[in-house]
Every structure is written in structure tokens, then in C-alpha cells.
Amino acid sequence: MVKIKNISIKEIVQPDVIELNVSVANRDEAIYKAGYLLLKKGIVEEGYIEAMLKACNELGPYIVLVPGIAIPHARPEAGAKGLGISIITLKEPIPFGNEENDPVHTVIALASDNNNNHLGLLTSLSNFLMDHEKVNKMRAAKTTDEVMALLTEND
Numbered sequence: 145m146v147k148i149k150n151i152s153i154k155e156i157v158q159p160d161v162i163e164l165n166v167s168v169a170n171r172d173e174a175i176y177k178a179g180y181l182l183l184k185k186g187i188v189e190e191g192y193i194e195a196m197l198k199a200c201n202e203l204g205p206y207i208v209l210v211p212g213i214a215i216p217h218a219r220p221e222a223g224a225k226g227l228g229i230s231i232i233t234l235k236e237p238i239p240f241g242n243e244e245n246d247p248v249h250t251v252i253a254l255a256s257d258n259n260n261n262h263l264g265l266l267t268s269l270s271n272f273l274m275d276h277e278k279v280n281k282m283r284a285a286k287t288t289d290e291v292m293a294l295l296t297e298n299d
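Here it is as C-alpha cells:
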């Protein structure tokens, strides 16, 4: 049996992979912009962003796991060089095609160089996303410092 390591969000998130009030025209642009922050940081290769877009376009909007939040990701072998997340909040919420959870106001791109870390990080992220008060505060945040404080609080 494989043991999944719980990974703390505060271990991996940095202010330079958070952007607030981002303008996008559509779902693909939102995914690309979130992925690009990981690319700039050296956490993924360009192909990883393409794989996130392809997965969403082929498999549908399964990445909108909770109301208003999309978590695009791809398989590690698609070009993940490390473990990381990026966060963008959108100036205007946009539809991703998920009737239950649209429109999306926050995109959290996730990258992991192996499946165990991927699941551990997703578990940590899920715990954060279940706290509706924190999610609402993140959506309303005016600075990356505010977002960092929310992500690292009680983590």
C-alpha cells in the first residue's frame, strides 16, 4: 500500500505565484495564465500547460471541484519538474462549462513531479477549500500577502 504524504500548502506556495484581479477572456486563457506562473518559476515545462488545457478540453470541466474554483492539473510526465501551485483570482468570474459549480472566480493550477505528492497536495488544498469563509476572503483579497496569510493559517 502506498502511503500518501500530506503536504502543507505553506511549504510550497510563494507570493510570486499568486496574481489577483486577472482579466481573462475565457477558460483556456485562465488556465494558461495560472500555468504560466508555474512555468516562470521553473516548476513546469511549457508542455505541462498544454496538457492542462488538453485535459480540460477533452475531459470536460471536471477541474471545477467546488463552486467558483477550478484546479487545472496534468500528469507528472507531461512536464512537471517539481511541486507547486499557482493562484489567480479573476476580475470577472467566467464559465468553465460546469453547471453545478460555475462561474469560476479563482484558478489554482497544481503541478507535481509524482503522483503521491500530487494527492498529498490535493488533500491539503481540499481542506482549505472546504472552509468557505477562507475561500470568500481569498476571493476578496486585495494583496498577495492577504492570500498568503489565509493559505498558511492553521495549515
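Its first residue numbered 145, the sequence shown is counted upward by one per residue in the working numbering.
For glycine and all other residues, C-beta sits at the position ideal for the given N, C-alpha and C.
Being a predicted model, the structure only gives us computed values, none of them experimental.
- The beta carbon of K278 lies closer than 8 Å to those of F272, L294, E297 in the same chain, with the five residues before and after it left out.
- Shown here for V208: same chain residues with a beta carbon closer than 7 Å to its own, the five before and five after excluded, namely A214, F240, N242, N245, D246, V248 in chain order.
- In this structure, Q158 is the residue among Q158, K154, I153, Y180 with its C-alpha nearest to the C-alpha of T288.
- About 6 Å separates the CB atoms of V168 and I238; that is less than 8 Å, so the two are in contact.
- Less than 7 Å separates the beta-carbon of I175 from that of L197.
- For V166, the enclosing beta strand (DSSP E) begins and ends at 162-166.
- Between V166 and K235 the beta-carbon gap is near 6 Å, inside 8 Å, which marks them as a contact.
- Here G228 is buried, its C-beta having at least 16 other C-beta atoms within 10 Å.
- For A255, the enclosing beta strand (DSSP E) stretches over residues 248-255.
- When the Cα atoms are used, P211 and E173 turn out to be separated by approximately 19 Å.
- If one requires a minimum length of 4 residues, the alpha helix (DSSP H) runs lying completely within the segment 167-229 are 171-185, 190-203, in chain order.
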